[in-house]
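Novice: Numbering (this note's numbering), first residue to last: 23 to 642.
My structure is below; once you've seen it, I'll send some questions.
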């Protein structure tokens with residue numbers, strides 16, 4: 023989706039339906055029942071007087087480097103209703119027994135203590151905080167704490183639309199919503215669950231209730247969603263959003279890889295190519311974000327540069343985990359249990375000494391892993407998701423686009439902006455991945471794009487020497503430095519024999535894990551781009567195109583996978599095509615294994631290749 027058409031569409035939608043303010047400036051959200059107050063600029067002399075005569079900040083919350091910790095993040099639960107790939111493994115994580123988690127009263131006791139010592143902002147996190155049954159009551163009781171100015175929540179948005187009116191009434195000040203893609207199929211792939219529509223409803227509900235800005239957190243991962251940067255930014259033209267691009271960070275279980283990280287500078291360069299007028303905003307004290315704004319846009323864009331340009335020097339954050347441990351650094355391993363001391367009957371003074379000792383041990387900056395991130399990672403060309411995911415004409419069911427729009431038309435409250443409804447109804451190519459059977463569409467093929475017939479060719483010249491073995495018999499990568507760049511194309515295929523039960527569920531898209539064919543296709547595309555990381559002696563190839571097709575074969579109760587790759591360079595792309603087909607087949611197995619283990623992966627083979635000094639190949 024091009025950024026400019028989205029912007030025009032947003033303007034049409036917003037003229038009639040979105041409550042707005044006249045500028046993109048941040049608006050302080052009044053507490054329920056309080057009148058809105060215009061922002062008042064305090065004269066610089068007055069600000070200086072207030073600073074000089076302010077009450078001394080708590081020594082217990084000031085570390086050895088003079089950083090004052092006025093911001094507390096409290097995890098309400100370890101549980102989450104999604105399984106985001108960058109956050110946790112698909113099977114989830116071992117959960118702490120309920121008896122070892124903080125009770126509501128313990129959370130409020132600790133919050134009261136920290137606020138008394140100078141904390142003026144608390145953010146509720148998880149897991150997913152909005153799955154905790156008493157979250158509204160917790161917010162209401164926090165709102166009663168004198169000196170607490172801001173109560174925020176970071177949520178995946180699944181339950182937000184339902185709970186936000188109650189949360190706002192209870193005193194919720196700010197909202198951060200995690201959303202890593204604007205493509206429903208890719209959303210399902212990333213979080214391993216359904217729920218795109220619910221997240222969009224949550225964003226619109228926040229706008230409707232007057233939150234401004236609504237912060238949208240997007241973790242940017244190379245090869246997965248970095249091609250959507252412009253689309254996210256385009257949303258800020260007409261909506262009071264603060265889209266925050268977060269550098270991909272390592273956590274246990276997310277299989278972090280340096281090459282997946284897209285640096286702040288690289289993202290900023292991409293945005294400036296589209297919007298050269300992008301201007302930097304003044305940095306707020308202790309902010310983790312570098313904020314930018316496009317003149318004339320209501321919202322803004324921010325970057326969380328945890329990896330490439332850390333913000334440890336101004337860090338004012340402390341964290342309490344769901345089981346009551348105090349963490350002074352998100353990336354540090356050091357924790358101290360406040361729960362144990364609380365339950366042992368520690369007095370307020372004793373707790374403060376424990377907290378003060380932990381804060382005093384906080385390091386100047388976080389873990390050594392960031393030393394390797396001082397420079398930007400190498401730019402790895404990736405294939406546009408929209409180019410590769412152009413899929414149509416599959417199963418006897420309603421078009422995804424039509425079905426979703428119908429649901430949204432029936433489900434939106436009259437006052438909620440219908441951004442996503444119009445968006446999905448606009449006929450954009452990426453929505454066509456699972457439409458109904460058209461009369462002029464191939465009833466088997468997932469892609470409507472015509473394919474040029476393979477050109478017959480002579481036999482492949484063979485060699486009696488293994489190219490990846492040196493004279494001493496050791497494995498070695500082939501030196502392609504002297505080879506000319508030519509156009510290289512390769513196609514490979516695989517067959518997944520599902521059996522009748524699994525085949526029927528795939529055909530009707532009834533698997534509980536989701537759309538198996540779409541997930542398999544995405545896996546094949548990803549695998550092609552990561553081949554050099556999987557096959558040790560393969561060169562990295564800058565692919566110009568990847569296409570993965572899946573055909574249903576009712577005679578064998580099978581799915582036939584065909585993968586094609588194209589690049590211009592000194593080495594071929596047959597390994598990319600073979601890896602793509604094989605991994606797509608494996609992903610299909612993974613999606614169906616709960617139904618049947620009697621699934622066979624077969625006939626993984628190279629179908630054809632063109633380009634290169636050894637001539638073309640075509641399997642008859």
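Quick reminder that beta carbons are idealized off the backbone N, C-alpha and C, glycines included.
Could you check what DSSP says for residue 286 in three-state terms: helix, strand or coil?
Specialist: By 1-based counting over the chain shown, the position of residue 286 is 264. Correct three-state label for residue 286: helix.
Novice: Could you tell me which uninterrupted alpha helix (DSSP H) segments, each at least 4 residues in length, are contained entirely in the stretch 198-285, listed from first to last along the chain?
Specialist: Counting only runs of 4 or more, we get 206-213, 218-230, 251-257.
Novice: Check residue 547 in the structure and name its three-state DSSP category.
Specialist: Against the chain shown, residue 547 aligns to sequence position 525. Looking at residue 547 - three-state DSSP - the assignment turns out to be helix.
Novice: Could you check where the beta strand (DSSP E) with residue 174 kicks off and where it finishes?
Specialist: As a position in the chain shown, residue 174 is number 152, starting the count at 1. Residue 174 -> beta strand (DSSP E) spans 172-177.
Novice: For the stretch 225-235 against the stretch 202-216, do three or more pairs of beta-carbon atoms, one drawn from each stretch, fall closer than 8 angstroms, so that the two count as touching?
Specialist: No: fewer than three Cβ pairs fall under 8 angstroms.
Novice: So which of 526, 582, 501 has the shortest CA-CA distance to residue 560?
Specialist: Position 538 of the chain shown, counted from the start, is the residue given in the question as residue 560. Comparing Cα positions, the closest option is 501.
Novice: Should the stretch 136-155 be regarded as contacting the stretch 86-95, the criterion being three or more beta carbon pairs within less than 8 angstroms?
Specialist: With a cut-off of 8 angstroms, the stretch 86-95 and the stretch 136-155 count as touching, because enough Cβ pairs lie within range.
Novice: For the candidate residues 609, 601, 556, whose alpha-carbon lies nearest to that of residue 581?
Specialist: By 1-based counting over the chain shown, the position of residue 581 is 559. Among 609, 601, 556, the Cα nearest to that of residue 581 belongs to 609.
Novice: Label residue 499 either buried or exposed according to how many other C-beta atoms from any shown protein chain fall within 10 Å of its C-beta, with 16 as the threshold for buried.
Specialist: In the chain shown, counting from the first residue as 1, residue 499 sits at position 477. Under this definition residue 499 is an exposed residue.
Novice: Identify the continuous alpha helix (DSSP H) that holds residue 183 and give its terminal residues.
Specialist: Here the question's residue 183 lines up with position 161 in the chain shown. Per DSSP, residue 183 belongs to the alpha helix (DSSP H) from 182-192.
Novice: Excluding five sequence neighbours on each side, which residues of the same chain lie with their C-beta closer than 6 angstroms to the C-beta of residue 262?
Specialist: As a first step, residue 262 is located in the chain shown; it is residue number 240 there, counting from the start. 234, 235, 320, 321, listed in sequence order.
Novice: Return helix, strand or coil for residue 399, following the three-state DSSP convention.
Specialist: Here residue 399 refers to the residue found at position 377 of the chain shown. Unreliable positioning characterises residue 399 in this predicted model, as indicated by a pLDDT of 38, which lies under 50. The coordinate reading is nonetheless provided below. Reduced to three states, the DSSP call for residue 399 is coil.
Novice: Give the single residue among 386, 244, 348 whose Cα lies nearest to the Cα of residue 548.
Specialist: Taking the chain shown and counting its residues from 1, one reaches residue 548 at position 526. Taking only the C-alpha atoms, the option nearest residue 548 is 244.
Novice: Are at least three pairs of beta-carbons, each pair with one atom in the stretch 119-130 and one in the stretch 350-365, less than 8 angstroms apart?
Specialist: Short answer: they touch.
Novice: Give the range of the beta strand (DSSP E) segment to which residue 614 is assigned.
Specialist: Translated into positions along the chain shown, residue 614 becomes position 592. No beta strand (DSSP E) contains residue 614, which is instead part of the alpha helix (DSSP H) from 596-614.
Novice: Return the bridge partner residues of residue 523 from the DSSP annotation.
Specialist: Taking the first residue of the chain shown as 1, we reach residue 523 at position 501. DSSP, once it has assigned bridges, lists no residue as partnering residue 523.
Novice: Cα separation between residue 598 and residue 126?
Specialist: Here residue 598 is taken as the residue at index 576 of the chain shown, counted from 1. Here residue 126 is taken as the residue at index 104 of the chain shown, counted from 1. Spanning the two alpha carbons is a distance of roughly 53 angstroms.
Novice: Which one of 130, 200, 162, 164 has the shortest CA to CA distance from residue 150?
Specialist: Walking along the chain shown from the start, residue 150 turns up at place 128. Ranking 130, 200, 162, 164 by Cα distance to residue 150 puts 200 first.
Novice: Along the chain, where does the beta strand (DSSP E) that runs through residue 591 open and close?
Specialist: Numbered from 1 along the chain shown, position 569 holds the residue referred to as residue 591. Residue 591 -> beta strand (DSSP E) spans 580-591.
Novice: Thinking C-alpha only, which one of 88, 604, 571 is nearest residue 386?
Specialist: For the purposes of this step, residue 386 is identified with residue 364 of the chain shown, where counting begins at 1. Nearest option by C-alpha distance: 88.
Novice: Check whether the stretch 500-520 and the stretch 563-583 touch, using three or more Cβ-Cβ pairs below 8 angstroms as the test.
Specialist: Touching, yes.
Novice: Using DSSP's beta-bridge definition, name the partner residues of residue 326.
Specialist: Along the chain shown, one-based indexing puts residue 326 at 304. DSSP lists 268, 311 as partners of residue 326.
Novice: Around the C-beta of residue 537, are 16 or more other C-beta atoms found within 10 angstroms, so that it is buried, or is it exposed?
Specialist: Stepping through the chain shown from its first residue, residue 537 is reached at position 515. Residue 537 is buried by the Cβ-count criterion.
Novice: If you follow the alpha helix (DSSP H) that residue 126 is in, where does it begin and where does it stop?
Specialist: Position 104 of the chain shown, counted from the start, is the residue given in the question as residue 126. Counting along the chain, the alpha helix (DSSP H) containing residue 126 begins and ends at 126-138.
Novice: Tell me where the beta strand (DSSP E) around residue 358 begins and ends.
Specialist: Walking along the chain shown from the start, residue 358 turns up at place 336. Note, residue 358: beta strand (DSSP E), 357-359.
Novice: For residue 371, is the classification buried or exposed, using 16 other Cβ atoms within 10 angstroms of its Cβ as the cut-off for buried?
Specialist: As a working mapping, residue 371 is identified with position 349 in the chain shown. Counting Cβ neighbours within 10 Å, residue 371 comes out exposed, since fewer than 16 surround it.
Novice: Write down the C-beta distance between residue 135 and residue 373 rounded to the nearest angstrom, noting that I regard them as a contact closer than 8 angstroms.
Specialist: If you number the chain shown from 1, residue 135 lands on position 113. If you number the chain shown from 1, residue 373 lands on position 351. Correct: roughly 6 angstroms between the Cβ atoms.
Novice: Identify, in the order they occur along the chain, each residue of the same chain with its Cβ nearer than 6 angstroms to the Cβ of residue 343, setting aside the five sequence neighbours on each side.
Specialist: Taking the chain shown and counting its residues from 1, one reaches residue 343 at position 321. Taken in chain order, the residues that qualify are 97.
Novice: Look up residue 512 in the DSSP assignment and say whether it is helix, strand or coil.
Specialist: Taking the first residue of the chain shown as position 1, residue 512 is located at position 490. Here residue 512 sits in strand by DSSP.
Novice: Could you check where the alpha helix (DSSP H) with residue 163 kicks off and where it finishes?
Specialist: Position 141 of the chain shown, counted from the first residue, corresponds to residue 163. Residue 163 -> alpha helix (DSSP H) spans 157-164.
Novice: Take the Cβ of residue 636 as the centre, count every other Cβ of all protein chains shown within 10 Å, and call the residue buried at 16 or more, exposed below.
Specialist: Within the chain shown, the letter at position 614 stands for residue 636. Its Cβ having fewer than 16 others within 10 Å, residue 636 is exposed.
Novice: Measure the beta-carbon distance from residue 563 to residue 601 and round it to whole angstroms, keeping in mind my assumption that it falls under 8 angstroms.
Specialist: Translated into positions along the chain shown, residue 563 becomes position 541. Translated into positions along the chain shown, residue 601 becomes position 579. Going by Cβ atoms, the distance from residue 563 to residue 601 rounds to 11 angstroms, so no, they are not a contact pair.
Novice: Give me, in chain order, the residues of the same chain whose beta-carbon lies closer than 6 angstroms to that of residue 433; leave out the 5 immediate sequence neighbours on both sides.
Specialist: The residue you call residue 433 lines up with position 411 of the chain shown. With a pLDDT of 37 at residue 433, under the threshold of 50, the predicted position of this residue should be treated as unreliable, and no value is reported.
Novice: Hey, residue 627 and residue 514 are a contact pair by Cβ (cut 8 angstroms); roughly how many whole angstroms apart?
Specialist: Residue numbering aside, residue 627 sits at position 605 when the chain shown is read from its first letter. Residue numbering aside, residue 514 sits at position 492 when the chain shown is read from its first letter. Rounded, the Cβ-Cβ distance is 7 angstroms, consistent with contact.
Novice: Residue 250 to residue 203, Cα distance in whole Å?
Specialist: Residue numbering aside, residue 250 sits at position 228 when the chain shown is read from its first letter. Residue numbering aside, residue 203 sits at position 181 when the chain shown is read from its first letter. One C-alpha to the other measures close to 7 angstroms.
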